[in-house]
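Enquirer: So the sequence shown is numbered by this note's numbering: it starts at 7 and just counts up by one. Just so it is clear, CB atoms sit at the ideal spot from N, CA and C, and this is done for glycine as well. Remember, it's a predicted structure, so these values are computed and weren't measured experimentally. I'd like to ask some things about the structure below.
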Amino acid sequence: MKRLLKLILFSILILALIVILTIFSLTLYYKSIVSVNVQKLKVEPHPGELGKWVNPFIGTGGIPWVCGHNFPGVSVPFGMVRLGPETASILINKKALNTSGYYYGDNKILGFSHTRLVGTGATDGGHFLVFPAIGKVTQKIRNNGLYTKFSHEEEIAFPGYYSVKLPKLGLLAKLTATQRVGIHRYTFSKEETAHILINVTNALGDGKSKDGEVRILPETNEVEGSVRTFGSFSGRYGGIKVYFVARFNQPFVGHGTWKDDDFLPDQKKAKGFRYFTDLSLWDTFRTVHPLYTIIAPNDQRDMLVSLVEMSKQGGWLPRWPSGNGYTNSMLGTPADIVIAESYLKGIRNFDVETAYQKMRQTALTATPKRAPFSGREGGEHYLEYQYCPAELMKEAVSRTIEFGWSDFAIANLTKALGREEDTKLFSEHSKYYQNLWNPETQYFQPRNSSRGFLKEFKPLLLTYFDSDGKYTNDYVEGSALQWRWSPFYDGKRLISLFKNQDYFVKELNDFFAMSDPKMGAWNPGSYYWHGNEPDMHAAYLFNDAGRPDLTQKWVRWILENKYGIGYNGLDGNDDVATLSAWYIFSALGFYPVAGSDKYQIGTPLFKKAEVKVGDNQLTIVANNYSPENIYVQKVWLNDSLLDRTWFEHAEIKNGGVLMFEMGR
Numbered sequence: 007m008k009r010l011l012k013l014i015l016f017s018i019l020i021l022a023l024i025v026i027l028t029i030f031s032l033t034l035y036y037k038s039i040v041s042v043n044v045q046k047l048k049v050e051p052h053p054g055e056l057g058k059w060v061n062p063f064i065g066t067g068g069i070p071w072v073c074g075h076n077f078p079g080v081s082v083p084f085g086m087v088r089l090g091p092e093t094a095s096i097l098i099n100k101k102a103l104n105t106s107g108y109y110y111g112d113n114k115i116l117g118f119s120h121t122r123l124v125g126t127g128a129t130d131g132g133h134f135l136v137f138p139a140i141g142k143v144t145q146k147i148r149n150n151g152l153y154t155k156f157s158h159e160e161e162i163a164f165p166g167y168y169s170v171k172l173p174k175l176g177l178l179a180k181l182t183a184t185q186r187v188g189i190h191r192y193t194f195s196k197e198e199t200a201h202i203l204i205n206v207t208n209a210l211g212d213g214k215s216k217d218g219e220v221r222i223l224p225e226t227n228e229v230e231g232s233v234r235t236f237g238s239f240s241g242r243y244g245g246i247k248v249y250f251v252a253r254f255n256q257p258f259v260g261h262g263t264w265k266d267d268d269f270l271p272d273q274k275k276a277k278g279f280r281y282f283t284d285l286s287l288w289d290t291f292r293t294v295h296p297l298y299t300i301i302a303p304n305d306q307r308d309m310l311v312s313l314v315e316m317s318k319q320g321g322w323l324p325r326w327p328s329g330n331g332y333t334n335s336m337l338g339t340p341a342d343i344v345i346a347e348s349y350l351k352g353i354r355n356f357d358v359e360t361a362y363q364k365m366r367q368t369a370l371t372a373t374p375k376r377a378p379f380s381g382r383e384g385g386e387h388y389l390e391y392q393y394c395p396a397e398l399m400k401e402a403v404s405r406t407i408e409f410g411w412s413d414f415a416i417a418n419l420t421k422a423l424g425r426e427e428d429t430k431l432f433s434e435h436s437k438y439y440q441n442l443w444n445p446e447t448q449y450f451q452p453r454n455s456s457r458g459f460l461k462e463f464k465p466l467l468l469t470y471f472d473s474d475g476k477y478t479n480d481y482v483e484g485s486a487l488q489w490r491w492s493p494f495y496d497g498k499r500l501i502s503l504f505k506n507q508d509y510f511v512k513e514l515n516d517f518f519a520m521s522d523p524k525m526g527a528w529n530p531g532s533y534y535w536h537g538n539e540p541d542m543h544a545a546y547l548f549n550d551a552g553r554p555d556l557t558q559k560w561v562r563w564i565l566e567n568k569y570g571i572g573y574n575g576l577d578g579n580d581d582v583a584t585l586s587a588w589y590i591f592s593a594l595g596f597y598p599v600a601g602s603d604k605y606q607i608g609t610p611l612f613k614k615a616e617v618k619v620g621d622n623q624l625t626i627v628a629n630n631y632s633p634e635n636i637y638v639q640k641v642w643l644n645d646s647l648l649d650r651t652w653f654e655h656a657e658i659k660n661g662g663v664l665m666f667e668m669g670r
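Structure representation (structure tokens):
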């Protein structure tokens, strides 16, 4: 018996040793991939004076569930094509750990595809994967072995350009793009036969595809085809059909198609605005769209027209439109906020009446069952009880607050439209979130329809660590502590709910002081989490509490600790540039209150910055600037000394000068 126990113990120790050695080896292998210096590749194009300061690899790696999910490929601003490499993880030849298809910890390239979501937790796209190859590729296709190794040392990217050397293939791949076209250049150095393979049925991640068709036209050096793919979002509305035409500058020496494992040689068959989609509105309403109203108002206008057109075709304004359908991802009706804020800031050449009627319809009537858009789930209960009752719906606290933010935006829009009765109505609705405030615990807590607060309450528990949702079913992507600061749109009233203003300041300051200072931590914790939308504005709440110095302190702390220049340089999913836009605003020295025309003042990161506001220029100057002088002493806007911690869009729409006097 003792001998058997010794044998079992010895076996366990051996297995443990194998596991430890495997983890250690994989860690070393991973480190060897990510530690090489990137952008050493010598190429003809140069990034230019501004482009040389941009590192597209930021946010492409790190711990998968808290990384930026960005990609280093090519896309013009607001481009349809997002052309870039797809990579493979260390152990398998598929599925990068990054939802955009490229993960910095990988060392295998599967090819170059033309579409993807960027910075999101969802995987979609990957259309028309192009793989350059040499020699005999038939057997490689059969073995699903179409990949090649690469090193970051032989990879370079800057805005509008990506290039990588693939030594095993003896070629240099270069990519660039226009708004709707991806441009590939492959230079082969080996004498073996060169091939260009196009995987028509490719899809990122676990995506599926069907109805793939391809036609080779050797007489015109073209290949054309189509496919329907089903990704994380497109799978929710029946898939998306995408078409392509590939035009080559060299005649085909030979051609063919393949299906499954079979190679088939010589086979040839197997309105006045730009329409925008892939709008991550629940994320982007907070920072991205406010930024567009300043630097890209014409594109923002086309997005508004697109949203209204979607509502005409589908019946409701979308929440997270992707491809050509509703995804219903996340919660609330953030399109209301985006449209209202844009109108308030002077973007008015769109059908605002239809937009408003769609907002009103969704806010005041129950969404029909089995509708393609989920609307305000439980909205009828929200109107009846003046909050979302916990036993009648999930995410009750988060929905109540998000519905209130949209109602705030609608109230601002109706005021601008001169609809006094609706302004009063939606202003009242925007305050419903107060009804979930428990004065005893000083938190927003779920209540049932009988008005009682639920007894079991764990404010520090993250939704991610409550597998059955027993304690966090009423919150979305965060703890009750993080949602405590969510009603940014109504800061003064939020502060009034606390015992007193000093208590509010202490609690909010502790919220930051007790947060994890590390960027991209595997467990971001229950305190301030910069990579999470519900609390990302929290530092600016100090302004409303009469402590702008603490706004400045913690904004600068975030800028210095939660952003970096490496592959893991973001604190969470970039969420279609939500974190990036937060940085831009905060570095300039102000931050938007979404759904309004107001900006809260922060602390500028530069001595001088120039921003195009439509056709005008806003110059931001920080006098007496130094890394230590982070505190704002005085602010002038167009020569007028401000006696408040905010300003309105109308004050900068014609450009001008925003001047800060800095100190310690």
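Return the residue from the list Leu643, Ser646, Asn630 that minimises the CA-CA distance to arginine 670.
Expert: Asn630
Enquirer: Based on the DSSP output, what are the partners of glycine 662 in its beta bridges?
Expert: In DSSP, glycine 662 forms a bridge with Leu624.
Enquirer: Quick one: grab the DSSP three-state call for phenylalanine 653.
Expert: The DSSP-derived three-state label of phenylalanine 653 is strand.
Enquirer: Could you check if methionine 520 is buried or exposed, using at least 16 other CB atoms within 10 Å of its CB as the buried criterion?
Expert: exposed
Enquirer: Alpha carbon to alpha carbon, what distance is there between valine 248 and leucine 466?
Expert: 45 Å
Enquirer: Buried or exposed: which applies to tyrosine 65, given that a residue is buried once 16 or more other Cβ atoms fall within 10 Å of its Cβ?
Expert: Note that residue 65 is glycine in the sequence shown, not tyrosine. Its Cβ being crowded by 16 or more others within 10 Å, glycine 65 is buried.
Enquirer: Check whether the Cβ atoms of phenylalanine 463 and threonine 478 sit closer than 8 Å, and answer yes or no.
Expert: no
Enquirer: Measuring only the C-alpha atoms, how far is lysine 196 from alanine 94?
Expert: 24 Å
Enquirer: Express the C-alpha separation of serine 169 and lysine 659 in angstroms, rounding to a whole number.
Expert: 39 Å
Enquirer: I need the boundaries of the beta strand (DSSP E) containing histidine 387, first residue and last residue.
Expert: From DSSP, histidine 387 is part of no beta strand (DSSP E) but of the alpha helix (DSSP H) over 385 to 391.
Enquirer: Tell me the DSSP secondary structure of asparagine 149 in three-state form.
Expert: Reliability fails at asparagine 149, whose pLDDT of 44 lies under 50, so the model's placement of it is uncertain and no value is given.
Enquirer: Taking the alpha-carbon of lysine 618 as reference, which of Val663, Ala628, Arg650, Gly79 has the nearest alpha-carbon?
Expert: Val663
Enquirer: Nearest-angstrom Cα distance between leucine 103 and glycine 132?
Expert: Each residue's alpha carbon lies about 14 Å from the other.
Enquirer: Give the C-beta separation of valine 40 and tyrosine 110 to the nearest angstrom, bearing in mind that I take them to be a contact with Cβ-Cβ under 8 Å.
Expert: Cβ atoms of valine 40 and tyrosine 110 come within 8 Å of each other, at about 6 Å.
Enquirer: Rounded to whole angstroms, what is the Cα-Cα separation between proline 271 and asparagine 574?
Expert: 45 Å
Enquirer: By the DSSP assignment, the beta strand (DSSP E) with leucine 135 in it spans what residues?
Expert: 135 to 140
Enquirer: Could you give the DSSP three-state label for tyrosine 109: helix, strand or coil?
Expert: Coil.
Enquirer: Would you identify the three-state DSSP class for arginine 9, choosing helix, strand or coil?
Expert: helix
Enquirer: Do you know whose CA, among Ser646, Ile140, Phe494, lies nearest proline 173's CA?
Expert: Per the Cα distances, Ile140.
Enquirer: Which residues in the same chain have their Cβ closer than 6 Å to the Cβ of serine 317, if we skip the five residues on either side of it in sequence?
Expert: So the list reads Leu323, Lys364, once near-sequence residues are dropped.
Enquirer: Determine the burial state of alanine 656: buried for a count of at least 16 other Cβ atoms within 10 Å of its Cβ, exposed for fewer.
Expert: exposed
Enquirer: Would a C-beta distance cut-off of 8 Å place leucine 203 and glycine 237 closer than the cut-off?
Expert: no
Enquirer: If we ignore side chains and look at the alpha-carbon of each, how far apart do tryptophan 489 and asparagine 506 end up?
Expert: 19 Å
Enquirer: Counting along the chain, where does the alpha helix (DSSP H) carrying asparagine 538 start and finish?
Expert: Segment: none, asparagine 538 is in no alpha helix (DSSP H) and carries neither H nor E.
Enquirer: Relative to the alpha-carbon of glycine 331, which residue among Gly127, Tyr281, Leu175, Pro452 has its alpha-carbon at the smallest distance?
Expert: Of the listed residues, the one whose Cα sits closest to glycine 331 is Tyr281.
Enquirer: The beta strand (DSSP E) that contains threonine 263, what's its start and end?
Expert: 262 to 265
Enquirer: For glutamate 566 and aspartate 474, what's the separation of their Cα atoms in angstroms?
Expert: If I take the Cα positions, the gap works out to 36 Å.
Enquirer: Rounded to the nearest angstrom, what separates glutamate 667 and tyrosine 546 at their Cα positions?
Expert: 19 Å
Enquirer: Please report how far the alpha carbon of aspartate 645 lies from the alpha carbon of methionine 665, in whole angstroms.
Expert: 8 Å
Enquirer: Pick helix, strand or coil for methionine 668, following the three-state DSSP scheme.
Expert: strand
Enquirer: Which of helix, strand or coil does DSSP assign to threonine 293?
Expert: In the three-state scheme derived from DSSP, where H, G and I count as helix and E and B as strand, threonine 293 is classed as coil.
Enquirer: Which class does lysine 512 belong to by DSSP, given the choice of helix, strand or coil?
Expert: Note: lysine 512 maps to helix in three-state DSSP.
Enquirer: Using a Cβ-Cβ cutoff of less than 8 Å, which residues in the same chain neighbour glycine 85 once the five nearest sequence positions on both sides are dropped?
Expert: Excluding residues up to 5 positions away in sequence, Ala183, Thr184, Gln185, Arg186 lie with their Cβ nearer than 8 Å to the Cβ of glycine 85 in the same chain.
Enquirer: Tell me whether isoleucine 18 is buried or exposed, calling it buried when 16 or more other Cβ atoms sit within 10 Å of its Cβ.
Expert: Taking every protein chain shown into account, the CB of isoleucine 18 has fewer than 16 other CB atoms within 10 angstroms, so this residue is exposed.
Enquirer: Does DSSP put proline 554 in a helix, in a strand, or in coil?
Expert: Residue state, collapsed to three classes: helix.
Enquirer: Give every residue of the same chain whose Cβ lies closer than 7 Å to the Cβ of asparagine 622, excluding the five residues on either side of it in the sequence, and list them in chain order.
Expert: Asn660, Gly661
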